[in-house]
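K.L.:
Those letters in the sequence shown? Residues 110 to 334, per this note's numbering, in order. Heads up, the beta-carbon is just placed ideally off N, CA and C, and yes, glycines get one too. What you are looking at is a predicted structure, and each value in this text was computed from that prediction instead of being measured.
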Amino acid sequence: MPSMPTVVFDLDGTLVDTAPDLMAGLNHVLAIDGIEPVHYDDMTFLVGQGARAMIERGFALRGRPLAEERLGALLDIFIRHYLDDMPGKSQPYAGVVRSLETLKAEGFRLAVCTNKLEKLALPLLKGLKLDTYFDAIAGGDTFPVRKPDAAHVLKTIERAGGEAAASVMVGDSVNDILAAQNAGIPAIAVPFGYSDVPVERLNPTRIIGHFDELTPHLVRSLLAH
Ligand SMILES: O=C(O)COP(=O)(O)O
Ligand SMILES: [Mg+2]
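#1: Using 10 angstroms around the beta-carbon of I141, count the other beta-carbons present and answer buried if the total reaches 16, otherwise exposed.
#2: Within the segment 240-292, note down every full alpha helix (DSSP H) run reaching 4 residues or more, in order along the chain.
#3: Measure from the C-beta of G318 to each C-beta in chain B and report whether the shortest distance is under 8 Å.
#4: Curious, which full-length beta strand (DSSP E) runs of at least 3 residues does the segment 137-194 contain?
#5: Counting C-beta neighbours from all protein chains within 10 Å, is the total for P253 16 or more, i.e. buried, or is it exposed?
#6: Suppose contacts are defined by Cβ-Cβ distances below 8 Å. Is T265 in contact with V117 by that definition?
#7: Strictly by DSSP, which residues pair up with V328?
#8: How would you write the range of the beta strand (DSSP E) that R310 sits in, first residue to last?
#9: Closer than 7 Å: is that where the CB of T265 sits relative to any heavy atom of ligand 2?
#10: With H, G and I counted as helix, E and B as strand and the rest as coil, what does DSSP make of F118?
#11: Counting pairs of beta carbons, one from the segment 177-187 and one from the segment 202-220, are three or more of them closer than 8 Å?
#12: Can you tell me whether G280 sits near ligand 2, meaning its C-beta is under 7 Å from at least one heavy atom of the ligand?
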């Protein structure tokens, strides 16, 4: 008998619209160094590899140099700012809670695999009362590697008690789709997150425009192929 499916979710731009708070934290940090704020449209480029990369990319976007030591100090300031206001304006996307309820009721295992630091991902999910749905939550620093490395996804599945052969990944950006492809599992893309290219170009197994489409039937049908 094949094991129960596991659905692995990306966090930023997939389960939760976090851009307003990430942007507020980044602009807080940029302002300290007298740098012009970034705009909402920039977030598709800035988000995806965690907070450290977001700050680095913010400086690069404004053509400003950033020493490693300064980056470390600014990351600490960002983390404090982001935690202080959590969950801030961040909200789950439409249909997320209902979809999680339905999948869970069906006996599916659920997990989060995010490049966000674990110490930011956990309180965010808790603050939004989403943490209890998941059998495992793995951040970008939980394991020695992170998405698009297959091991980030595979170790998350293992931690959730699932099996790769019965798992699918849901995400919004190139890291998620590549991680799923590298892990050899179906990739479901959402088009409403923070991808800097249209998700069709990432060749996901499936695109869903709304979480209403993420049903036990869809997951089973993708796993049957
Ligand atoms: O915060 C980021 O940069 C990426 O986070 P995600 O992997 O949940 O999209
Ligand atoms: Mg994402």
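P.N.:
To lay it out plainly:
#1: Numbered from its first residue, the sequence shown carries residue 141 at position 32. I141 should be labelled exposed.
#2: 259-268 and 283-292
#3: Going by chain labels, chain B is absent from the structure shown, which holds only one protein chain.
#4: none
#5: As a working mapping, residue 253 is identified with position 144 in the sequence shown. By the neighbour-count rule (16 or more Cβ atoms within 10 Å), P253 is not buried but exposed.
#6: As a first step, residue 265 is located in the sequence shown; it is residue number 156 there, counting from the start. As a first step, residue 117 is located in the sequence shown; it is residue number 8 there, counting from the start. For T265 and V117, yes; Cβs fall inside 8 Å.
#7: As a working note, residue 328 is residue 219 in the sequence shown. Beta-bridge pairing links V328 to no other residue.
#8: Counting from one through the sequence shown, the residue named residue 310 turns up at place 201. For R310, there is no enclosing beta strand (DSSP E), as DSSP gives it neither H nor E.
#9: Walking along the sequence shown from the start, residue 265 turns up at place 156. No, Cβ of T265 sits at least 7 Å from all heavy atoms of ligand 2.
#10: Start at 1 with the first residue of the sequence shown, and residue 118 comes out as number 9. Correct three-state label for F118: strand.
#11: no
#12: Here residue 280 refers to the residue found at position 171 of the sequence shown. Checking the Cβ of G280 against ligand 2 gives yes.
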